[in-house]
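Residue 190 in our numbering sits at position 178 of the sequence shown; the count goes up by one each step and never skips. Even for Gly, the Cβ is constructed at its ideal location relative to N, Cα and C.
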Amino acid sequence: MLRTSVVTGAASGIGRATKDLLESRGERVIGVDVHDADVVVDLSTPAGRKALVEGVGGLSGGSIDAVYAVAGLAAPAAATAAVNFFGTVATLEGLRPLLAGSAAPRAVLVSSMAALMSSDDELVALLASGEERAALARAEILAKEPETTGQLIYASTKLALSRWVRRQAATAEWAGAGIPLNAVAPGIIATPMTAEMIGTPEGRQALLEMVPMPLNGIADAIVVARLLAWLNSEENTHVCGQIVYVDGGSDVVLRGDSVW
13 MLRTSVVTGA ASGIGRATKD LLESRGERVI GVDVHDADVV VDLSTPAGRK ALVEGVGGLS
73 GGSIDAVYAV AGLAAPAAAT AAVNFFGTVA TLEGLRPLLA GSAAPRAVLV SSMAALMSSD
133 DELVALLASG EERAALARAE ILAKEPETTG QLIYASTKLA LSRWVRRQAA TAEWAGAGIP
193 LNAVAPGIIA TPMTAEMIGT PEGRQALLEM VPMPLNGIAD AIVVARLLAW LNSEENTHVC
253 GQIVYVDGGS DVVLRGDSVW
């Protein structure tokens with residue numbers, strides 16, 4: 013049966029690779045992004061998030077099978093918190109009612125191995141509490157020093173997302189409704205977001221010293237897309253609330269045998 017999937021961040025990077033992969037397998041994909049997409053919206057704003065739900069609802073006829081919340085930013089700016097956390101959560105919660113008619117509803121988001129890096133406790137707590145105005149104000153303060161505290165914003169959003177998945181996946185709204193909710197945590201992926209950082213041998217080496225990837229090094233976006241596609245496939249009936257690292261081993265190197 014033809015499945016209809018929604019992919020945010022579909023115009024580039026992991027989102028584009030996921031969209032292309034699903035379409036190559038015969039799925040219908042509704043792409044969402046700030047440009048070159050079926051639904052063009054800005055997920056950093058409440059209005060954009062509302063428009064996402066309305067746009068997808070209209071194009072899908074009110075029923076979808078899977079949500080891939082991939083869209084994200086990595087800049088040391090408050091917009092990163094708005095898109096990465098609040099935009100992602102709004103995407104999943106806003107589109108969840110459209111999954112109700114699917115025989116095999118699925119949902120997945122993209123976190124990051126950056127969740128293992130240094131983060132800002134105050135920002136993480138504000139994100140977790142859903143206090144967007146206060147969270148963005150905290151991010152603005154951190155962003156004033158882009159080379160130091162500003163670098164904590166991205167990691168904080170990804171840590172908050174990983175925790176959100178763990179806290180929500182087994183609830184009545186998700187597992188209770190037959191919807192596996194999971195996340196993937198990529199290491200360094202060759203995308204437009206990382207192009208400048210990995211554009212020189214020196215840059216690649218410096219980044220790999222911080223994010224060691226002993227298994228095959230930096231990955232292409234399709235590697236993550238394949239994992240996302242399986243987690244949201246009909247085959248996945250019992251993987252629930254997991255943060256699956258697709259990072260060439262950086263989690264293993266950095267955390268050893270520590271699980272959580």
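- In the structure shown, I165 adopts helical secondary structure according to DSSP, grouped into three states.
- The C-beta separation of G106 from R61 comes to about 6 Å, placing the pair in contact by the 8 Å criterion.
- With fewer than 16 neighbouring CB atoms inside 10 Å of its own CB, G70 falls in the exposed class.
- Residues of the same chain with a CB within less than 7 Å of the CB of A146, apart from the 5 flanking positions on each side, are L138 in chain order.
- Buried is the label assigned to N244, since at least 16 other Cβ atoms lie within 10 Å of its Cβ.
- Sequence-distant partners of V251 (beyond 5 residues in either direction) whose C-beta falls short of 7 Å from its own C-beta, in its chain, are P192, N194 and L243.
- In the same chain as V177, and ignoring 5 residues on each side of it, the C-beta atoms closer than 7 Å to its own belong to L121, L193, N194, A195, G253 and I255, in chain order.
- In the structure shown, N228 falls within a coil segment according to DSSP collapsed to helix, strand and coil.
- With at least 16 other beta carbons inside 10 angstroms of its own, E39 counts as buried.
- Taking the Cα of L14 as reference, the smallest distance to any Cα among A116, A93 and A94 is reached at A116.
- Each residue's CA atom was taken as its position, placing L220 and D259 some 11 Å apart.
- Taking every protein chain shown into account, the CB of S141 has fewer than 16 other CB atoms within 10 angstroms, so this residue is exposed.
- Within the segment 179–245, the runs of alpha helix (DSSP H) that reach at least 4 residues and sit entirely inside it are, in chain order, 213–222 and 233–243.
- Taking one beta carbon from each stretch, the segment 199–208 and the segment 161–174 have fewer than 3 pairs nearer than 8 Å; the two do not touch.
- Assignment of beta-bridge partners to R40 by DSSP yields T16.
- Secondary structure of A140 (DSSP, three-state): helix.
- As summarised for the segment 104–152, the continuous beta strand (DSSP E) elements at least 3 residues long and confined to that stretch are 118–122, given in chain order.
- Distance between F97 and K31, taken at the CA atoms: about 21 Å.
- Remark: C-beta atoms of A197 and S124 approach each other more closely than 9 Å.
- Inter-residue distance for G261 and A89 is about 29 Å (C-alpha atoms, whole angstroms).
- A direct Cα-Cα distance of roughly 40 Å separates G229 from E66.
- When rounded, the separation of the alpha-carbon atoms in A78 and A119 is 6 Å.
- Counting of Cβ neighbours within 10 angstroms places A182 among the exposed residues, the total staying below 16.
- By the beta-carbon neighbour count (other beta carbons within 10 angstroms, threshold 16), S17 is buried.
- A distance below 6 Å between beta-carbons, with the five flanking residues on each side excluded, links G43 to the following residues of its chain, in chain order: V19, A22, K31, A49 and D50.
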